[in-house]
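Numbering (our numbering), first residue to last: 2 to 249.
Have a look at the structure below, then the notes.
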Amino acid sequence: MTKRRFSQKHIYYESIDSTNEEMQRIIQKSDIEEGTVILAGFQTSGKGHMANTWESESGKNLLMSMLFLPDFLKSDCQFYLSRIVSLALLELIGSYCDNVTIKWPNDINVNDKKIAGILIENHLKGDKIEKSIAGIGLNINQEKFSSDIPDPTSLYMETGCHIDMTKLLDKLLKKLEEKYNMLVNNELDVICRSYHDHLYGFGEIKNFSSKGKKFRARITGTEPTGELILETEEGEILRFGFKEVVFN
Ligand code: BTN
Numbered sequence: 002m003t004k005r006r007f008s009q010k011h012i013y014y015e016s017i018d019s020t021n022e023e024m025q026r027i028i029q030k031s032d033i034e035e036g037t038v039i040l041a042g043f044q045t046s047g048k049g050h051m052a053n054t055w056e057s058e059s060g061k062n063l064l065m066s067m068l069f070l071p072d073f074l075k076s077d078c079q080f081y082l083s084r085i086v087s088l089a090l091l092e093l094i095g096s097y098c099d100n101v102t103i104k105w106p107n108d109i110n111v112n113d114k115k116i117a118g119i120l121i122e123n124h125l126k127g128d129k130i131e132k133s134i135a136g137i138g139l140n141i142n143q144e145k146f147s148s149d150i151p152d153p154t155s156l157y158m159e160t161g162c163h164i165d166m167t168k169l170l171d172k173l174l175k176k177l178e179e180k181y182n183m184l185v186n187n188e189l190d191v192i193c194r195s196y197h198d199h200l201y202g203f204g205e206i207k208n209f210s211s212k213g214k215k216f217r218a219r220i221t222g223t224e225p226t227g228e229l230i231l232e233t234e235e236g237e238i239l240r241f242g243f244k245e246v247v248f249n
């Protein structure tokens, strides 16, 4: 059993374009330790998945990026990083409220509303992942969201309580270190099973659409690359990448 210890270095900006972008700039200039965290009170160009933006009211939510150096992980297994970050967030949020699920590929929902998003950006070297930036946006104390964000929520909206962000961050960093060390120790089956156990719609017939075509199917799994595996009502097995299928 090996254990990697994360750096305790936390870099805080009151305002920055994006914590992921800042991490990209820093790692281009210097070698920094695994587990280094960049935090921001506000992002002027917060990035979401698939070129979306990530909006967050100043000082109310967690906006952070953590650096992993997963040199042991093959590039075709990169979805394990999403899985461990999702599981760390799931457990953290589950310590404040019920009905927490992971929505493929890496949203965290509470009562079917999005509370957190993850944006993982990898630097590959050969067939290995040299550096990985895990960006996390977790809605904590925001009380309302602009109407164009589909079904958002926050810990405050779910619990009615204002949350101490320092304590929450401390808990999250411990969980991220714990889950990352499961990956270091090759506990791939346990990680995969827990991710699927908490995956929204796993094993249930749901409505999907792909390329404008609607169909009903159930999720039977996800690939280490991140593809979603569906079995249609007719028994056909289909695999979809991140942009290729949506839940209806
Ligand atoms: C998504 O659900 O679309 C992913 C959202 C990820 C947002 C976080 S906020 C901190 C980090 N910096 C960014 O610019 N994006 C991620």
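Note that CB positions come from ideal geometry on N, CA and C, so glycine has one too.
It should be emphasised that the depicted structure is a prediction, and the values quoted were computed from it without experimental measurement.
Check	Outcome
For I39, does the count of other Cβ atoms within 10 angstroms reach 16, so buried, or fall short, so exposed?	buried
Should Y81 be labelled buried (16 or more other beta-carbon atoms within 10 Å of its own) or exposed?	buried
What are the boundary residues of the alpha helix (DSSP H) that I1 is part of?	As shown, the chain starts at 2 and ends at 249. That puts residue 1 outside it, with no answer to give.
Nearest-angstrom Cα distance between P106 and I12?	28 Å
Report the start-end ranges of each alpha helix (DSSP H) in the segment 62-101 that is 4 residues or longer and not cut off at the edges.	80-95
By how many angstroms is the C-alpha of E58 removed from the C-alpha of I116?	14 Å
Quick one, which of V86, I94 and S16 has its alpha-carbon nearest I121's?	V86
Roughly how many angstroms separate the alpha carbons of I164 and T223, rounded to a whole number?	33 Å
Could you tell me whether any non-hydrogen atom of ligand 1 is closer than 6 Å to the CB of H50?	yes
Could you tell me the distance, in whole angstroms, from the CA atom of E245 to the CA atom of I119?	18 Å
What's the call for L64, buried or exposed, on a 16-neighbour Cβ count within 10 Å?	buried
Grab me the residues of D113's own chain with a C-beta within less than 6 Å of its C-beta, minus the 5 sequence neighbours each way, in chain order.	none
Taking the DSSP output, what are the residues bridged to L200?	I103
When you compare the segment 234-248 with the segment 198-210, are there three or more beta-carbon pairs, one atom per stretch, that lie closer than 8 Å?	yes
Could you check if G36 is buried or exposed, using at least 16 other CB atoms within 10 Å of its CB as the buried criterion?	buried
Who does R5 pair with in a DSSP beta bridge?	Answer by DSSP bridge pairing: none, since R5 is not bridged.
Between which two residues does the alpha helix (DSSP H) containing N21 stretch?	T20 to K30
Which residues in the same chain as T54 place their Cβ atom closer than 8 Å to its Cβ, once the five residues preceding and following it in sequence are excluded?	S46, G47 and K48
Need the endpoints of the alpha helix (DSSP H) that N142 sits in, please.	Premise fails: N142 is in no alpha helix (DSSP H) and is neither H nor E.
Would you say the segment 87-99 touches the segment 18-33, given that touching needs at least three Cβ pairs under 8 Å?	no
Going by Cα to Cα distance, which pick from A89, T221, G138 and D77 is closest to I238?	T221
Tell me whether the beta-carbon of S66 lies closer than 7 Å to the beta-carbon of N21.	yes
Answer yes or no: do T102 and H197 have a C-beta to C-beta separation smaller than 7 Å?	no
Which first and last residues belong to the alpha helix (DSSP H) in which V185 is found?	M166 to V185
Would you give the residue range spanned by the beta strand (DSSP E) that T223 belongs to?	K214 to T223
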